[in-house]
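First comes the structure, then the notes that go with it.
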Amino acid sequence: MTETIDGEAVAADVREAVADEVSRLSDAGVEPGLATVLMSDDPASETYVSMKQRDCEEVGIEGIHVEIDADAPAEELYETIDDLNARDDVHGILVQMPVPDHVDKRTVLRRIDPEKDVDGFHPENVGRLVAGDARFKPCTPHGVQKLFDAYDVETEGADAVVVGRSDIVGKPMANLLIQKSPVGNATTTVCHSRTEDLEAKLAGADIVVAAAGIPEFVDGSMLKPGATVIDVGINRVDADTEKGYELVGDMEYESAKEVAGAITPVPGGVGPMTRAMLLYNTVKAAGIQTGVDVDLD
Ligand code: NAD
Numbered sequence: 533m534t535e536t537i538d539g540e541a542v543a544a545d546v547r548e549a550v551a552d553e554v555s556r557l558s559d560a561g562v563e564p565g566l567a568t569v570l571m572s573d574d575p576a577s578e579t580y581v582s583m584k585q586r587d588c589e590e591v592g593i594e595g596i597h598v599e600i601d602a603d604a605p606a607e608e609l610y611e612t613i614d615d616l617n618a619r620d621d622v623h624g625i626l627v628q629m630p631v632p633d634h635v636d637k638r639t640v641l642r643r644i645d646p647e648k649d650v651d652g653f654h655p656e657n658v659g660r661l662v663a664g665d666a667r668f669k670p671c672t673p674h675g676v677q678k679l680f681d682a683y684d685v686e687t688e689g690a691d692a693v694v695v696g697r698s699d700i701v702g703k704p705m706a707n708l709l710i711q712k713s714p715v716g717n718a719t720t721t722v723c724h725s726r727t728e729d730l731e732a733k734l735a736g737a738d739i740v741v742a743a744a745g746i747p748e749f750v751d752g753s754m755l756k757p758g759a760t761v762i763d764v765g766i767n768r769v770d771a772d773t774e775k776g777y778e779l780v781g782d783m784e785y786e787s788a789k790e791v792a793g794a795i796t797p798v799p800g801g802v803g804p805m806t807r808a809m810l811l812y813n814t815v816k817a818a819g820i821q822t823g824v825d826v827d828l829d
């Protein structure tokens with residue numbers, strides 16, 4: 533019987549733990565604050581940012597939102613980051629990606645104070661993650677790790693295949709899977725656009741984390757029976773719905789679910805975890821910056 537990994541339920545538990553820590557911080561005179569910065573006219577980016585603000589409100593984190601005209605000079609964004617770095621009421625800073633072409637993304641990531649870098653993309657935080665001394669784990673792979681933990685997925689000694697090598701999902705996911713940790717210790721293969729014979733790699737995988745962003749490109753026939761399947765992909769495909777599209781993952785869910793031991797749905801799997809882990813990192817950041825103990829595992 534295939535188990536459905538319920539990301540909504542695990543994310544609700546994370547939010548509850550975060551809300552408890554927000555109250556404890558508040559008792560100690562600290563009101564955790566997350567600043568979101570949007571420099572884009574893209575409706576999807578606008579939606580993501582407003583969802584993050586709503587999530588903050590739900591757990592008692594102070595949301596600060598800054599919008600910058602998409603045509604404004606890049607300096608305006610860099611200076612905004614400097615201002616937010618200097619504010620005591622801002623503990624986390626998230627610049628919604630992608631930024632316009634005339635903005636240097638690397639400058640943006642490096643400009644954010646590493647202690648406020650709740651995405652975990654600053655080179656200092658990437659280095660700490662790789663060294664096994666993470667300050668902030670990037671939200672999506674961290675969320676996947678929480679799912680492994682919540683569902684007692686045995687990662688230790690397992691053969692894991694990560695499909696995708698992006699800086700935000702694939703690479704940090706692989707790094708977490710190989711860490712010497714009870715939710716790591718997996719023998720990990722990273723596959724990408726130049727991988728030859730992906731089928732052979734998947735066929736031996738006890739754990740598959742799919743993050744290629746290609747709608748339904750892995751089906752059940754490619755999986756090892758009983759595998760744990762984590763579908764990170766969120767792809768819009770045309771559909772006869774009110775909105776004219778539907779969201780699908782990188783897995784062909786119906787056939788994958790017949791073969792997998794456990795699988796995340798899309799939506800309702802990894803997505804809610806990513807959102808919850810941003811709140812987690814913000815509270816952790818508030819603790820780091822104020823010296824107040826935060827009890828989040
Ligand atoms: P990306 O485009 O930056 O990276 C995609 C990766 O897939 C690349 O590393 C590429 O090498 C690899 N790839 C492309 N074609 C491949 C192929 N045929 N075989 C194997 N690998 C191939 O994307 P991303 O930002 O890592 O996001 C990946 C997907 O995850 C997208 O659908 C995105 O929307 C989704 N996503 C979901 C969440 C969430 O919270 N659920 C968070 C982030 C991203």
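Going by the numbering used here, the sequence shown opens with residue 533, and the numbers climb by one from there. By construction, the Cβ of each residue, glycine as well, lies at the ideal position given by its N, Cα and C atoms. A quick note: this is a predicted structure, and the numbers were derived from the prediction, not measured.
Residue 542 in three-state terms, based on DSSP: The residue you call residue 542 lines up with position 10 of the sequence shown. Residue 542 sits in a helix when the DSSP states are folded into three classes.
Close Cβ partners of residue 791 (< 6 Å) along its chain, the five nearest in sequence each way excluded: To locate residue 791, count along the sequence shown from 1; it is residue 259. Counting only Cβ-Cβ distances below 6 Å, and skipping sequence neighbours, we find 752, 755, 757.
First and last residue of the uninterrupted beta strand (DSSP E) at residue 693: On the sequence shown, position 161 is the one that residue 693 refers to. Here the beta strand (DSSP E) through residue 693 covers 691-695.
Buried versus exposed call for residue 733 [16 or more other C-beta atoms within 10 Å across all chains shown]: Here the question's residue 733 lines up with position 201 in the sequence shown. Looking at its Cβ environment, which holds 16 or more other Cβ atoms inside 10 Å, residue 733 is buried.
Heavy atoms of the ligand NAD versus C-beta positions, residues under 6 Å: Any residue whose Cβ sits closer than 6 Å to a heavy atom of the ligand NAD makes the list: 672, 695, 696, 697, 698, 700, 701, 702, 723, 724, 725, 727, 730, 743, 744, 745, 746, 764, 765, 766, 767, 802, 803, 806.
Host beta strand (DSSP E) of residue 566 (start-end): For the purposes of this step, residue 566 is identified with residue 34 of the sequence shown, where counting begins at 1. Following the DSSP letters along the chain, one finds residue 566 inside the beta strand (DSSP E) bounded by residues 565-570.
Where residue 683 sits in the DSSP three-state scheme: As a first step, residue 683 must be located in the sequence shown, where it is residue number 151. Residue 683 falls in the coil class under three-state DSSP.
Check whether residue 692 and residue 718 have beta carbons under 7 Å apart: As a working note, residue 692 is residue 160 in the sequence shown. As a working note, residue 718 is residue 186 in the sequence shown. In this structure, residue 692 places its C-beta atom within 7 Å of the C-beta atom of residue 718.
DSSP state of residue 624 mapped onto helix, strand, coil: As a working note, residue 624 is residue 92 in the sequence shown. Here residue 624 sits in strand by DSSP.
Backbone secondary structure at residue 794 - three-state DSSP: Numbered from its first residue, the sequence shown carries residue 794 at position 262. In this structure, residue 794 counts as strand in the three-state DSSP scheme.
Cβ contact check for the stretch 662-678 and the stretch 803-814: 3 or more pairs under 8 Å: In short, these stretches touch, since the Cβ pair count reaches three.
Completely contained beta strand (DSSP E) runs for the stretch 731-794, where each covers 3 or more residues: Fully contained in the stretch 731-794 are the following beta strand (DSSP E) runs of length 3 or more, in chain order: 739-742, 760-763, 767-770, 777-780.
Residue 828, buried or exposed, once every other Cβ within 10 Å from all chains shown has been counted against 16: For the purposes of this step, residue 828 is taken as the residue at position 296 of the sequence shown. Classification for residue 828: exposed.
Close Cβ partners of residue 785 (< 8 Å) along its chain, the five nearest in sequence each way excluded: For the purposes of this step, residue 785 is identified with residue 253 of the sequence shown, where counting begins at 1. Once the five neighbours on either side are set aside, the close Cβ partners of residue 785 are 748, 763, 795, 797, 798.
Any 3 or more C-beta pairs closer than 8 Å across the stretch 662-671 and the stretch 597-604: Contact between the stretch 662-671 and the stretch 597-604 is absent, because fewer than three Cβ pairs lie under 8 Å.
Alpha-carbon spacing of residue 636 relative to residue 606, whole angstroms: Counted from its first residue, the sequence shown places residue 636 at position 104. Counted from its first residue, the sequence shown places residue 606 at position 74. For residue 636 and residue 606, the distance between alpha carbons rounds to 8 Å.
Beta-carbon proximity of residue 782 to residue 750, cut-off 7 Å: The residue labelled residue 782 in the question sits at position 250 within the sequence shown. The residue labelled residue 750 in the question sits at position 218 within the sequence shown. Their beta carbons are under 7 Å apart, which means residue 782 touches residue 750 by this criterion.
Element boundaries [beta strand (DSSP E), containing residue 721]: On the sequence shown, residue 721 is found 189 positions in, with the first residue counted as 1. Secondary structure note for residue 721: its beta strand (DSSP E) is the uninterrupted segment 719-723.
Simplified DSSP state of residue 674, which is helix, strand or coil: Working through the sequence shown from its first residue, we reach residue 674 at position 142. In the structure shown, residue 674 sits in a helix (DSSP, three-state: H, G or I).
Among 683, 573, 565, nearest to residue 648 - alpha-carbon criterion: To locate residue 648, count along the sequence shown from 1; it is residue 116. Closest in alpha carbon position to residue 648, among 683, 573, 565, is 565.
Unbroken stretches of the alpha helix (DSSP H), 4 residues or longer, contained in the stretch 591-619: Counting only runs of 4+ residues, the alpha helix (DSSP H) found wholly inside the stretch 591-619 occupies 606-618, in chain order.
Exposure label - residue 633; buried when at least 16 CB within 10 Å: In the sequence shown, the residue the question calls residue 633 occupies position 101. Residue burial annotation: residue 633 is exposed, with fewer than 16 other C-beta atoms found within 10 angstroms of its C-beta.
Contact belief for residue 475 with residue 592 at Cβ below 8 Å, rounded distance in angstroms: In the structure as shown, the chain starts at 533 and stops at 829, and residue 475 therefore has no counterpart that could be examined.
Minimum C-alpha distance to residue 811 - residue among 626, 573, 536: The sequence position of residue 811 within the sequence shown is 279, counting from 1. Measuring C-alpha to C-alpha distances from residue 811 to each of 626, 573, 536 identifies 626 as the nearest.
Whether residue 670 touches residue 652 by CB criterion (7 Å): For this step, residue 670 is matched to residue 138 along the sequence shown. For this step, residue 652 is matched to residue 120 along the sequence shown. The Cβ atoms of residue 670 and residue 652 sit closer than 7 Å to each other.
Residues sharing a beta bridge with residue 536, DSSP: Here residue 536 is taken as the residue at index 4 of the sequence shown, counted from 1. Under DSSP, residue 536 shares a beta bridge with 795.
Boundaries of the alpha helix (DSSP H) in which residue 728 is found, first to last residue: Position 196 of the sequence shown, counted from the start, is the residue given in the question as residue 728. Per DSSP, residue 728 is not a residue of any alpha helix (DSSP H), being assigned neither H nor E.
Member of 618, 704, 577 whose CA lies at the smallest distance from the CA of residue 646: The residue given as residue 646 occupies position 114 in the sequence shown. Comparing Cα positions, the closest option is 618.
Neighbour-count burial assignment, residue 726, 16 or more Cβ in a 10 Å radius: As a working note, residue 726 is residue 194 in the sequence shown. So residue 726 ends up on the exposed side.
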